[in-house]
Amino acid sequence: MEIILAVIVGLLYASGIYLMLRRSLVKLVVGLVLLGNGVNLLIFLLGGLVRGKPPLIPDTATYLGQVYADPVPQALILTAIVISFGLQSFAIVLIKRTYVVVNTDDMDQIHSTEEDDDY
Amino acid sequence: MKHLTFRTAASFLLPLLLLFSVFILLRGHYLPGGGFVGGIIASIAFVLHAFAFGLGQTRKLLRIRPMGLMPVGLALAVFAAVLPLFQGLPLLTGLWLSKPIPVIGLVGNALLFDLGVYIVVLGVALTIIFSISEAV
Amino acid sequence: MLLAVLSGFIVASFVPFLGKLLRGKWSFLLTALPLCLFLYFLNFIPQVSANKAALISYEWVPSMGINFNFLVDGLSLLFALMITGIGTLVFLYTSAYMKGDRYLDRFYGYLCIFMGAMLGMVLSDNIFTLFIFWELTSISSFFLIGYNNENSDSRKSALVSLAITGLGGFFLLGAFALIGNISGTYSINEMIGSADALKGNGLYPVIIAFLFIGAFSKSAQYPLHFWLPGAMKAPTPVSTYLHSATMVKAGIYLLARFTPVLGNVPAWNNTLMIFGGFTMFYAAFHSIFKRDLKEVLAYSTISALGMLVFLIGLGTPDALLAATVFIIVHALYKASLFLITGIIDHETGTRDLAKLSGLRKVMMPVAVAGALAMLSNSGIPPSFGFVGKDLIYASTLGSELGAALVTGVAVITNILLLYSSILAGIRPFAGPLPDAYKTVHLPDWRMWVPPLLLGVGSLLLGVFPGLIEGGIVGPALLSIDPTAPAFHLQLWHGFNVVLALSAATIGGGLLLYLLFKPSVGQPAWVAGLSASSPKNIAGYLSRKFRELAHLWTSLSQNGYLRIYVLVIISFLTVLLAYKSFTEVKFYVELSKVSPLTSAEMVVMFILAAAVIYVVYTPSRLAAVAAMGVIGYCICLIFVFYSAPDLAMTQFAIDTLTVILFVLVLYRLPKYIHYSNWLIRIRDGVISLFFGTLITILGLEVLNEPTSKETTHFFAENSYALAKGKNVVNVILVDFRGVDTMIEITVLTIAAMGVFALLKLQLNKYDQEL
Numbered sequence: 001m002e003i004i005l006a007v008i009v010g011l012l013y014a015s016g017i018y019l020m021l022r023r024s025l026v027k028l029v030v031g032l033v034l035l036g037n038g039v040n041l042l043i044f045l046l047g048g049l050v051r052g053k054p055p056l057i058p059d060t061a062t063y064l065g066q067v068y069a070d071p072v073p074q075a076l077i078l079t080a081i082v083i084s085f086g087l088q089s090f091a092i093v094l095i096k097r098t099y100v101v102v103n104t105d106d107m108d109q110i111h112s113t114e115e116d117d118d119y
Numbered sequence: 001m002k003h004l005t006f007r008t009a010a011s012f013l014l015p016l017l018l019l020f021s022v023f024i025l026l027r028g029h030y031l032p033g034g035g036f037v038g039g040i041i042a043s044i045a046f047v048l049h050a051f052a053f054g055l056g057q058t059r060k061l062l063r064i065r066p067m068g069l070m071p072v073g074l075a076l077a078v079f080a081a082v083l084p085l086f087q088g089l090p091l092l093t094g095l096w097l098s099k100p101i102p103v104i105g106l107v108g109n110a111l112l113f114d115l116g117v118y119i120v121v122l123g124v125a126l127t128i129i130f131s132i133s134e135a136v
Numbered sequence: 001m002l003l004a005v006l007s008g009f010i011v012a013s014f015v016p017f018l019g020k021l022l023r024g025k026w027s028f029l030l031t032a033l034p035l036c037l038f039l040y041f042l043n044f045i046p047q048v049s050a051n052k053a054a055l056i057s058y059e060w061v062p063s064m065g066i067n068f069n070f071l072v073d074g075l076s077l078l079f080a081l082m083i084t085g086i087g088t089l090v091f092l093y094t095s096a097y098m099k100g101d102r103y104l105d106r107f108y109g110y111l112c113i114f115m116g117a118m119l120g121m122v123l124s125d126n127i128f129t130l131f132i133f134w135e136l137t138s139i140s141s142f143f144l145i146g147y148n149n150e151n152s153d154s155r156k157s158a159l160v161s162l163a164i165t166g167l168g169g170f171f172l173l174g175a176f177a178l179i180g181n182i183s184g185t186y187s188i189n190e191m192i193g194s195a196d197a198l199k200g201n202g203l204y205p206v207i208i209a210f211l212f213i214g215a216f217s218k219s220a221q222y223p224l225h226f227w228l229p230g231a232m233k234a235p236t237p238v239s240t241y242l243h244s245a246t247m248v249k250a251g252i253y254l255l256a257r258f259t260p261v262l263g264n265v266p267a268w269n270n271t272l273m274i275f276g277g278f279t280m281f282y283a284a285f286h287s288i289f290k291r292d293l294k295e296v297l298a299y300s301t302i303s304a305l306g307m308l309v310f311l312i313g314l315g316t317p318d319a320l321l322a323a324t325v326f327i328i329v330h331a332l333y334k335a336s337l338f339l340i341t342g343i344i345d346h347e348t349g350t351r352d353l354a355k356l357s358g359l360r361k362v363m364m365p366v367a368v369a370g371a372l373a374m375l376s377n378s379g380i381p382p383s384f385g386f387v388g389k390d391l392i393y394a395s396t397l398g399s400e401l402g403a404a405l406v407t408g409v410a411v412i413t414n415i416l417l418l419y420s421s422i423l424a425g426i427r428p429f430a431g432p433l434p435d436a437y438k439t440v441h442l443p444d445w446r447m448w449v450p451p452l453l454l455g456v457g458s459l460l461l462g463v464f465p466g467l468i469e470g471g472i473v474g475p476a477l478l479s480i481d482p483t484a485p486a487f488h489l490q491l492w493h494g495f496n497v498v499l500a501l502s503a504a505t506i507g508g509g510l511l512l513y514l515l516f517k518p519s520v521g522q523p524a525w526v527a528g529l530s531a532s533s534p535k536n537i538a539g540y541l542s543r544k545f546r547e548l549a550h551l552w553t554s555l556s557q558n559g560y561l562r563i564y565v566l567v568i569i570s571f572l573t574v575l576l577a578y579k580s581f582t583e584v585k586f587y588v589e590l591s592k593v594s595p596l597t598s599a600e601m602v603v604m605f606i607l608a609a610a611v612i613y614v615v616y617t618p619s620r621l622a623a624v625a626a627m628g629v630i631g632y633c634i635c636l637i638f639v640f641y642s643a644p645d646l647a648m649t650q651f652a653i654d655t656l657t658v659i660l661f662v663l664v665l666y667r668l669p670k671y672i673h674y675s676n677w678l679i680r681i682r683d684g685v686i687s688l689f690f691g692t693l694i695t696i697l698g699l700e701v702l703n704e705p706t707s708k709e710t711t712h713f714f715a716e717n718s719y720a721l722a723k724g725k726n727v728v729n730v731i732l733v734d735f736r737g738v739d740t741m742i743e744i745t746v747l748t749i750a751a752m753g754v755f756a757l758l759k760l761q762l763n764k765y766d767q768e769l
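For the protein sequence lines, the chains are A, B and C, in the order given. Mapping of the first sequence onto this note's numbering: residues 1 to 119, in sequence order. Mapping of the second sequence onto this note's numbering: residues 1 to 136, in sequence order. Mapping of the third sequence onto this note's numbering: residues 1 to 769, in sequence order.
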């Protein structure tokens, strides 16, 4: 399972970066989302995969038993998920705004802030 | 999307989802859940309502602007964080009422902090979604 | 005490609010500030002359040894009195000189800041506060030189002086750090105790080299002197205050201050003598060819500073005494000459020596002041300058190595300086009055009284040098050289070699003045020298540096986001690949791998298919739908592997994200293929390669035993300490609560950003495009 998950993470990274290298602004954001998912899964994978033992202390105990899923990466990913929502929505809106103002989706046409382009 | 079935469903779903989100928030300390998830579920409830009845209706229902929720939540969280300072304890020390309150359970400043997170997340999600759907 | 030092800053912060008042006729009221400070420091004289230095401490950053320790001893008192005394006159002078200026309030603000910084610098006992004040003087000087900011020359000069003094400050910080490390204390007073350790340390040459660069940059020693003539673009009160009387003496102060700590070593003395000696001759030589009054003064100031460095380099008690006296002498006459130049400029509108003459007929008191200053500058009895010059010759004659040579250099320098003092102090007033200046009249009293006061002061101190002998000069000398013997200042020493030298100097200077007419101008061979002058070299370097920076920027910052991403990713890929090939043995321990169920298999397959679909689909809507699928699949993975919190959050967020995309999508452009297939293949190869590396890396890390200390801590204590049973939630709201706090703040900022982007219409910008 770990092997397949690692391959999936690699796939998410590859496609995320491939999309970020496109000239289209929309693809940039899509790539960003994929990359974010890839990172989350990577952290999850590195924390170790444990089946059926969530980091919850049973009613009868006062601490976690011997085998349990690592709560630290989970806490990290939880915040990462929520933060990436904020990031993604900001990016989406920024793109929309850029599109309205500059009227192009092509990043090569908006790469310079200078009025008279000498490139 | 303003189909009758959807509307009827949405009007029932709103209180149900809200209740569910509060439930998720409260149980977060013992079982899966917490402020983040609770806040998002609550915002989904309002977004659904907005889809069914239109944004104006939802805003009326909310009464306050979602932007206004963010500072409230932040203030609550900060308050919960500095509360121990007044008792001479370090920042964010856990403080708990000695007896559990019925239904809610054991109340402490951690819950207050989580409530702050809940409100901020709700405010953030609603602000984003509402601004976007109004601007589009 | 703290109040006294900070009062400049406090007043400066109020100045903008009093702008209207200050621009009016009440501006001279600010003179009260330096005057009060001057009186305050006068109070210290009895205490200090009894050889009891006053140390006043305020804690600032005690944990790092940085405190506001103010030490009032002879040396700092001398400087404090000079700063506030001349400050008083300059403040008064400014109120008339700059009358009606639009930004007079701002100007006064800068002046106050400068005065505060300067006071802080000379009074600090802690080297780090000293450094901070040192830099503050550079910064306030930058603003004052660039005060006429509409003038590009002015801006350029300000920049040059900031660059040079800033560079010096940088080296100074290095020197201070080394000194602090070796001596183990940041207090200059305590350092004297570990002077031997410092001198014996292997880094001693580095320390003094850095210290010298700092001091030389500030005190305009060759080859870092060229910012000072440029700084004359500043309004005259600034030139008077900063660039002749106080700030440029900061380097001298520094050298004097560190003489007991680092001095009396051949490397220290010889370096200072060589640089100081060369500077004083070089600058004095240049000063006689200048035709602009202010430039004459600028070069003669550099020369005088060189003289001071030279004297400190000599290092004998005699020489240090001469230096102490000469600091006072120079401050008095040079400030006076600058103020006079300012008056001439203000009234006639020119500083060209060729045009000015006969002004005594219209402004007698100014002419008197000029004559007095010139007397002191030339060292003609009975001025205080004569006392100073006597001491200088006495000390050079007593020099251990090459007394004849150093005395010769000193005499020649003094002859040249005498010539330039006649240029500045006498020439504009002598001769017939041209018709053009018939209507020129005496300026406001606030302008001509200060230089006259200074001139009278020089005369008074010359006749009665005992006035400051025990109160100021003596303690100052003792703080430079604690073992200096007692001395007696006097005008008349009887007929001896020193007197002969003085007479020769005066005679030589007068002869030079008669033979060499300034109107001849700069001979060609002097102009030829300037091609290789430090100023031109520095200018060339800075131009080349800018070209290099431009080249580099256009190479690395070309403005294409994807090129940045490409470069970063390729670099990372190469790095990772190199490391994994050389140092990582790739293997996967199959026994540790958890088995795969059929449900998981299906989820994985759907996930992979969805990812590939997102990349290839030409439809945006399909891409968004596929992204939703990816999100839900990840959610299922969280469910399979014991992360219920994550699953819930991922599910809810994914729903919201899809809604968001759908809302915005209709307004976004359709997918367009901009790139050709070659570029796409290139990108594809790079990203696939990177993805593979990440996979390998992930598997590799899995095999490494990881430390789970924090995990165990949380697992064991989450109920015991935080009364929670959901460990993930406990981490979020309790153990790592501050992180969560910051996170929700970030979220709020993101939401406000979205709101601002959408709701605040950028009307102007919209219309433009």
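C-beta: ideal position from N, C-alpha, C; glycine also.
Asked	Found
Ala424 (chain C) versus C:Tyr564, C:Tyr333, C:Val754 and C:Ile274, residue with shortest Cα-Cα distance	C:Tyr333
Chain C contact residues for Gly52 (chain A), given Cβ-Cβ distances below 8 angstroms	Ser642
Bridge partners - Asn67 (chain C), DSSP secondary structure assignment	C:Glu59
Contact with chain C by Ala52 (chain B), beta-carbon distance below 7 angstroms	no
Where Ala54 (chain C) sits in the DSSP three-state scheme	strand
Reference Thr62 (chain A); option with closest CA among C:Leu477, C:Tyr719 and C:His330	C:Tyr719
Chain C contact for Pro15 (chain B) (CB, 7 angstroms cutoff)	no
C-beta contact flag for Ile213 (chain C) and Gly168 (chain C) at 7 angstroms	yes
Nearest residue (CA-CA) to Asn770 (chain C), options C:Phe285, C:Ser300, C:Met627 and C:Phe171	In this structure chain C extends from 1 to 769, so residue 770 (chain C) is not present and cannot be described.
Residue burial classification, Gln74 (chain A) (beta-carbon count within 10 angstroms, cutoff 16)	buried
Within the segment 313-393 of chain C, ranges of the alpha helix (DSSP H) (whole runs, at least 4 residues)	317-348 and 364-378
Every unbroken alpha helix (DSSP H) within the segment 193-220 of chain C, with a cutoff of 4 residues, ordered by chain	195-200 and 204-218
Local conformation of Val440 (chain C) per DSSP, three classes	coil
Inter-residue Cα distance where the pair is Gly724 (chain C) and Tyr632 (chain C)	28 angstroms
Neighbour list for Arg620 (chain C) in chain A, Cβ cutoff strictly below 9 angstroms	Val26 and Val30
Closer than 7 angstroms at the beta carbon, the chain B residues around Thr748 (chain C)	Met70, Leu74, Val120 and Val124
Asp73 (chain C) burial status per 10 Å Cβ neighbour count (16 or more: buried)	buried
Distance CB(Leu178 (chain C))-CB(Leu198 (chain C)) smaller than 7 angstroms	no
Beta-carbon proximity check, Phe171 (chain C) vs Phe131 (chain C), cutoff 7 angstroms	no
Cα-Cα separation, Ala175 (chain C) to Leu699 (chain C)	50 angstroms
Where Lys294 (chain C) falls, given that 16 or more other Cβ within 10 Å makes a residue buried	buried
Cβ contact (3+ pairs, closer than 8 angstroms) linking the segment 307-322 of chain C and the segment 479-498 of chain C	yes
Buried versus exposed call for Tyr616 (chain C) [16 or more other C-beta atoms within 10 Å across all chains shown]	exposed
Where the segment 19-49 of chain B meets chain A: residues whose CB sits under 9 angstroms from a CB there	Tyr30, Leu31, Pro32, Gly34, Phe36, Val37, Gly39 and Ile40
Contact check, Ile40 (chain B) vs Ser89 (chain A), beta carbons under 7 angstroms	no
Tyr118 (chain B), enclosing alpha helix (DSSP H) - first and last residue	Asn109 to Ala135
Opposing strand residues paired with Val72 (chain C) [DSSP bridges]	C:Ala54
Proximity of Leu71 (chain C) and Ala53 (chain C) at Cβ, strictly below 7 angstroms	yes
Within-7 angstroms CB hit, Val102 (chain A) to chain B	no
Paired residues, beta bridge with Asn726 (chain C) - DSSP	A:Leu56
Asn726 (chain C) at chain B interface by Cβ criterion, 7 angstroms	yes
Cα-Cα separation between Leu297 (chain C) and Tyr564 (chain C), rounded to whole angstroms	54 angstroms
Runs of beta strand (DSSP E) wholly within the segment 209-285 of chain C (minimum 3 residues, chain order)	none
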